[in-house]
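Residue numbers (this note's numbering), protein chains in the order written: chain G, 1 to 346; chain D, 347 to 692; chain Z, 693 to 1038.
In structure tokens form, the structure reads like this:
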């Protein structure tokens, strides 16, 4: 078991201890579950009551947090420190490298050093699997695809032929990369398939959550930019470009050929129509749908998505609509009365 | 072939026959497909015409249903009786128990009596598979996971390490349990992964529909309460607690750390933001999104979700918005006229 | 490498060349990526700038398109011609037919001529696999199911027992056909499963995108009509009937027992409640939800979905709500003043 004093942790990760510096920490736990040997995490004021009642040995907080009577590890950026602490206390346990006898790997596959391939995985002809990459049980990597060094395909991932996955990516179970885009030529009511001959290119350090799908381009590539993180059940259509360092939360969907700039965020269940440009650093609120181009730094909400503040105002007024309608009727009555009075005067 | 008279069925399941008690019933079918040997089911008045035209030998209805000329099996709760009838006429055909030679089960797995494990399934080290459990073809159960007695993982289910599944659960194909939560520490625009070290705990008698995903907790557990039923393509994020006996319909999504009480219903494509508390017995209407805590017994709709009746009223008035705007202009004109008239009088 | 002059292509597919008829074409590429040997595609005016700057050898356009200085292949229906061109330049490379030694095919399965079954696929008892059908690696076909001639199940597809798939279908990876519908009898707050004993029937020439799910009927069938195309992550609930030649875009969802007519379109993230009838040729806009029956030829949008033009008008006015509310207050003030003046006169 790993054990560190709070002071050691503070020195390691650049923070200050408020309280007993010698307290011994053996793990990280939630405010509710933490005991005297655990460090807990508190940054969201919704959980103030839980923080006050926590039995954690110490609580990781940002500067300026008041929790009288508690021992605190105060850092500049608690989320980053939490990531570092978890890496310290929960190092990833790698399976022994090697190709399972039960995997079917085509003879001409180029396999790097220290690669792990699980049972019942299939790697077709012409693939390249980079150093230290891991392909989980039952995963499928189609003809001529590439998996970069250190990337991980969890069990059951399906990679269609010709897909390129960069380095240090993490692709969760059930993800389908490179399925056909939804492209048909409709004539006399019949839908004829337009062959989808582009690729999917996933750049380095991308994470894709369980059961998400990224379709191959119709002609060109569908591209996920470096360092972008995609949650579960997200749909990326053909020809989409996701810039670097984007965040797409659960069940978001991006329609065909839309381009997201750098550092764009889509919250849960949000969507974008096709052929749009979403500017750098834009944020699309949960459950919203973008139907027009939006400039850099936008924060939009609603269906169709509009400026977030406008949307908020409009939502507030919407609740008053029945009241407004009644008021409108009342005013119309009063005006009729005023008109009548005037006419009588004449 | 099984065959029962209506009277026998009435006695078995506690109902009354209206019409020929000796009619022989050999199966259950839809109103449209049913023939003279079939029992059909009618509770939704939308299908009255189909019930009237049905050639079913008898129709299962609740008390008070009028269907002149039809033979009826009248019960208190037709849905429950339908479930019982289907269990009677369509008993589950279990495959022969046993571990397929083509499954890869780690040596130290604790396998109960009467367990079935399909071809190309993988069960990693330290797992426990309870009595009578079934693990379908190509399913994956990661290190140290537990599958309770009588639970079924359909083909292709993926269970990440450390997951706990209770008794008598039914997990449909494509479900991913225990994938990483969507947690990143963002600094200077770069997203650093926060290791997700919690678990997924699925309590007894839970059903999870095809391709749904339940992420593991960041620190603590993600928990699905006993008897809860989850439909297809539903997303349960990290740290969520679903209470007992909840119903989450297709494509619903619950964001991180949100807690659903007992008996909560989310209709199709509904969502909840993170860190919320959804009170016992609450209902969230289809396509709605909850952005704030809601008390026990709420019935909410809209985005953001508000009281269902208020939402309905507001929807009705929304349709009249263009008309209201025109009226507003008309009134403004009249007032200008009235003011003008008054000023002329002065 | 295939190579054709523009004139040859024009004669093959029925078009006219504007410019150099002898230009040699060796492939199809996007406006941005195309070089002098490539044909590019231009129909969406958003990409006019890209078309003007394209280095493509020729551009495929519809009649009436103006692109001064560019060599054009002018056709009546560029999407259909694109499909034909891609079939010409990118013919599907079929794997060698045959059943992998690593597949597990039940002895009594009826396998047609030229069938391909990949490694780790499982085909259970009583199935029929039609001539030229292909079952990908790790796919599962449950007891008594049928896969029609020429149909393709990509790797990892799961077909529950008793499912019928027609001819020339393309079922993408991660699709689950025949999972249980979401049907429970709730009594005293407990949800009892209603056995789902119907089937899924997929008619000919249907395409279903990655990770979509189609549930089996409760009593009767869930049916996908001939020539319908379904995108990724779409949810089709139990007892739904999708008519022929429908298009359901990504993340759309159709609730139980709803019937779509012929040629219905659901755009991305749209939904329909249960037990509805959606008329032939109707279109449901992205992110919308249909809560009532809609007649043939409808074009609806919003939640709840209403006539598309009405929705557009209402959206425009919604943005003016805060302004309308202010105006309402202003008018009320003015009326009070008018009333006061009148009262003073009296």
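All C-beta atoms in this analysis are idealised placements derived from N, C-alpha and C, irrespective of residue type, glycine included.
Positions along the stretch 439 to 473 of chain D whose CB lies within less than 7 Å of some CB in chain G: 450, 466, 468
Paired residues, beta bridge with residue 5 of chain G - DSSP: G/24
Rounded separation between residue 988 of chain Z and residue 900 of chain Z - CA only: 24 Å
Should residue 372 of chain D and residue 398 of chain D be called a contact, given that it needs their Cβ atoms to be closer than 8 Å? no
Check whether the Cβ of residue 887 of chain Z lies closer than 8 Å to any Cβ atom in chain D. yes
Contact set between the stretch 218 to 230 of chain G and chain C, restricted to residues whose Cβ is under 7 Å from the partner: Although the question refers to chain C, the structure presented lacks it and instead comprises the protein chains G, D and Z.
Please name the residue or residues paired with residue 915 of chain Z in a DSSP beta bridge. Z/893, Z/933
Starting from residue 650 of chain D, find everything on chain G with Cβ-Cβ shorter than 7 Å and list it in chain order. 315
From which residue to which residue does the alpha helix (DSSP H) around residue 317 of chain G run? 308 to 319
Considering only residues of the same chain and omitting the five flanking positions on each side of residue 943 of chain Z, which have a CB-CB separation below 7 Å? 925, 926, 960, 961
Look at residue 697 of chain Z and residue 716 of chain Z and say whether their C-beta atoms are less than 8 Å apart. yes
To the nearest whole angstrom, what separates the beta carbons of residue 842 of chain Z and residue 824 of chain Z, a pair I think is in contact under 8 Å? 5 Å
Distance, Cα to Cα, residue 862 of chain Z vs residue 195 of chain G? 12 Å
Going by the DSSP bridge assignment, what does residue 50 of chain G pair with across the sheet? Residue 50 of chain G pairs with nothing; no bridge assigned.
Is the CB-CB distance between residue 909 of chain Z and residue 930 of chain Z below 8 Å? yes
Is the beta carbon of residue 610 of chain D closer than 8 Å to that of residue 628 of chain D? yes
Near residue 135 of chain G, what residues of its chain come up, given a Cβ to Cβ distance below 6 Å and the 5 sequence neighbours on each side ignored? 117, 121, 153
Name the DSSP bridge partner or partners of residue 122 of chain G? G/104, G/140
List, in chain order, every chain G residue whose beta-carbon is nearer than 9 Å to that of residue 842 of chain Z. Correct list: empty, because the minimum Cβ distance to chain G is about 13 Å.
Do residue 907 of chain Z and residue 871 of chain Z come within 8 Å of each other at the CB atom, strictly closer than that value? yes
DSSP state of residue 492 of chain D mapped onto helix, strand, coil: strand
Need the endpoints of the beta strand (DSSP E) that residue 708 of chain Z sits in, please. 708 to 710
Separation of residue 391 of chain D from residue 802 of chain Z, as counted between CA atoms: 44 Å
Selection of the stretch 748 to 782 of chain Z by Cβ proximity to chain G, strictly under 7 Å: 769, 771, 772, 774, 775, 778, 779, 782
What did DSSP end up calling residue 324 of chain G once you bin it into helix, strand or coil? helix
Tell me which residues of the stretch 923 to 934 of chain Z have at least one Cβ-Cβ distance to chain D shorter than 7 Å, keeping chain order. 925, 927, 929
Between the stretch 675 to 683 of chain D and the stretch 717 to 731 of chain Z, do three or more beta carbon pairs fall short of 8 Å? no
Of the residues G/142, G/294, G/266, G/272, the one placed nearest residue 279 of chain G, counting alpha carbons only: G/294
Taking only beta-carbon positions, decide if residue 834 of chain Z is within less than 8 Å of chain G. no
Three-state class that DSSP yields for residue 759 of chain Z in the structure shown: coil
Among Z/951, Z/822, Z/783, Z/976, which residue has its Cα nearest to the Cα of residue 966 of chain Z? Z/951
Measure the alpha-carbon distance for residue 7 of chain G versus residue 177 of chain G and round it to whole angstroms. 46 Å
Which residue's Cα is closest to the Cα of residue 983 of chain Z: Z/880, Z/897, Z/775, Z/968? Z/968
Contact defined as beta carbons within less than 8 Å: I believe residue 485 of chain D pairs with residue 503 of chain D. What is the distance between those atoms, to the nearest angstrom? 5 Å
Cβ contact (3+ pairs, closer than 8 Å) linking the stretch 434 to 450 of chain D and the stretch 406 to 417 of chain D: no
What does the Cβ neighbour count give for residue 305 of chain G, buried or exposed, with the cut at 16 atoms within 10 Å? buried
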